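What follows is a set of notes on a single structure, which appears directly below.
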Amino acid sequence: MRGEGETTDKKESAGSTSSNFVILMLIVFTATFASSLVSASPVFFLVREFVQAEESSVAIFGILVSVNSAAMITASFTGGFLADKLGRKRVISLGTGILMPTLFVYVFVPHVFWVITVYFVQIFAASLVQPALNAFVADRSKVSSRGKAFGNYTFFMMVSTVPAPLAGGFLADAVGVRFPFVIAASIALIALVTSFGLVEIPSETTTRAENVPPEDKIENLVMPFATVMLIFGVMGFLNGVLNGMFSPLLRIYPVFKLGANATELGLVFSIGIGLVAAITQIPGGILTDKVGRKPLMLFSMIGIPFVIAMAYTSSLYEFILATAGLIAIGNISTPAYYAWMMDLVSSAKRARTFGLINAITGVGMFIGPFLATWLYESQPNIVLPFVAITIPWILQTPLILWLKETKTA
């Protein structure tokens, strides 16, 4: 009888896991699509509806990127803590429940101040669910296949960013800059409704010991938790500074140096970033499990020359090509980064760990835009802001070498 019960439990667990994966990927796709539809181009051009001068637009967008970071810091820490205490499902439903009406509020904003305020709430809602989503993926994957699991997860996240920015830019040009926000709110509603179908997955604290993979048990972790937090915390901060500097330049350079309109700016994000990033995620996940986390993270460093090449582009086509090269090499290690972090902490601490690291990353992203916009406005050489981006990237090398990998059976 005990053997039959175990078989039934395994079948139910497998069915639950499969159903959870489908629901989770639908939530990831729709929520990311909704945010990407408006964040890449419509928000930027909504700002320009209120502020026409180039210098003021650059400054306001730098503020928007920093507001993005402040929201991410607050939400990531809060979301990680709540996901471990209250459950992943509740936090995902809460975040998508805030996101949907927030996107609709953009339609009525009367002043640039309200654009900034609503943008904060939008990013807060989107960031609140990230620790719970990552913990969901890690909880139902073993170390030997965790890279592939995160590759699939990030693929669905990235693939939604292929059509969304282009569609958002096109709708802003063809119908009006506020129309994409109506569509985004409708799509976010799908994510909210879908989240109710998730089945909560218990963590190590509520799961029988025999059901926790041996390599995920606290006593079998290969590095002390404090050391893991220190290394990933510093890496997260450096990544935040890097991405915080990169984000405004991705919009400022095409619009003010190459004369891109909303649709063309959408192309940069759809093709140069979204499509290329999506294509690399599944191969990146497979390579993470086959080659290892550390080699793949070190390989991504060869993408650095593409950052500098972007500053020498003279057409939108060249800029998209340089961006695509950078994203292809840099983003292939994304599954390795997530899987490695989750490998080194117990299941009971995964959501709060990701949340805390994400919050630290947000601190870097708060600083990065100010550095990028200051360099852009104060230095006659446009190459300098792009060169500055490579510094926090290079500084991560010794940290990657310091980290240990979990051995699989």
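First residue of the sequence shown? That's 9 in the numbering used here, and the numbers climb one at a time after it.
All residues carry an ideal CB built from backbone N, CA and C; glycine is no exception.
Keep in mind the model is a prediction, meaning the values are calculated, not measured.
Annotation: Y346 to K265 spans about 35 Å, alpha carbon to alpha carbon. A Cβ-Cβ separation of about 4 Å places I195 in contact with A42 under the 8 Å criterion.
In the three-state scheme derived from DSSP, where H, G and I count as helix and E and B as strand, M253 is classed as helix. Taking the CA atoms as reference points, V395 sits about 27 Å from V51.
Straight-line spacing of the CA atoms in R358 and G274 works out to 34 Å. T331 is not a Cβ neighbour of M165, given a cutoff of 8 Å.
Around the Cβ of E272, a 10 Å sphere holds 16 or more other Cβ atoms; the residue is buried.
Our two residues, V46 and F245, have alpha carbons roughly 26 Å apart in a direct line. For the pair of segments examined, the segment 146-166 was found to touch the segment 275-288: the number of CB pairs separated by less than 8 Å reaches three.
For G280, the CB contacts under 7 Å within the same chain, skipping 5 residues up- and downstream, are I328, T331, A332, I335 in chain order.
The beta carbon of D351 lies closer than 6 Å to those of V151, T414 in the same chain, with the five residues before and after it left out. The continuous alpha helix (DSSP H) containing F164 extends over residues 151-167. For Y127 against V75, the beta-carbon gap comes to about 6 Å, under 8 Å, which counts as contact. By the Cβ rule, the segment 398-410 does not count as touching the segment 108-116, because fewer than three pairs are nearer than 8 Å. F204 carries a coil assignment under DSSP once its states are collapsed to helix, strand and coil. A straight-line Cα-Cα distance of about 12 Å links P393 and I260.
DSSP places M349 within a helical segment (H, G or I) once states are collapsed to three. In summary, G282 is buried, with 16 or more beta-carbon neighbours lying within 10 Å of its beta-carbon over all protein chains present. In this structure, the straight-line span from the alpha carbon of T381 to that of I35 is close to 34 Å. In this chain, the alpha helix (DSSP H) harbouring G103 covers 96-113.
Its chain contains L246 as the residues whose beta carbon lies nearer than 8 Å to that of L403, once the 5 sequence neighbours on both sides are disregarded; these appear in chain order.
According to the DSSP assignment, L334 belongs to the alpha helix (DSSP H) that extends over 324-339. Just measuring C-alpha positions, the residue of P313, V120, A319 sitting nearest L258 is A319. Between G293 and P343, the gap from beta carbon to beta carbon is short of 8 Å.
In the structure shown, M80 falls within a helical segment according to DSSP collapsed to helix, strand and coil. For M373, the uninterrupted alpha helix (DSSP H) segment begins and ends at 358-386.
By the CB criterion at 8 Å, K302 and I408 fall inside the cutoff. Counting the other CB atoms within 10 Å of its CB gives N28 a total of 16 or more, which places it among the buried residues.
Per the Cβ contact rule, the segment 81-96 is in contact with the segment 130-144 (3 or more Cβ pairs under 8 Å). A direct Cα-Cα distance of roughly 10 Å separates A175 from A182. Take P171, set aside five residues on each side of it, and the residues of its chain with a beta-carbon closer than 7 Å to its own are S278, in chain order. Going by DSSP, M318 is part of the alpha helix (DSSP H) stretching over 312-318. With 16 or more other CB atoms across the displayed protein chains lying within 10 angstroms of its CB, P173 is buried. Ranked by how close their Cα comes to the Cα of L179, the residues T110, P406, A270, F233 have A270 in first place. Our two residues, T110 and E208, have alpha carbons roughly 26 Å apart in a direct line.
For T38, the secondary structure class from DSSP, reduced to helix, strand or coil, is helix.
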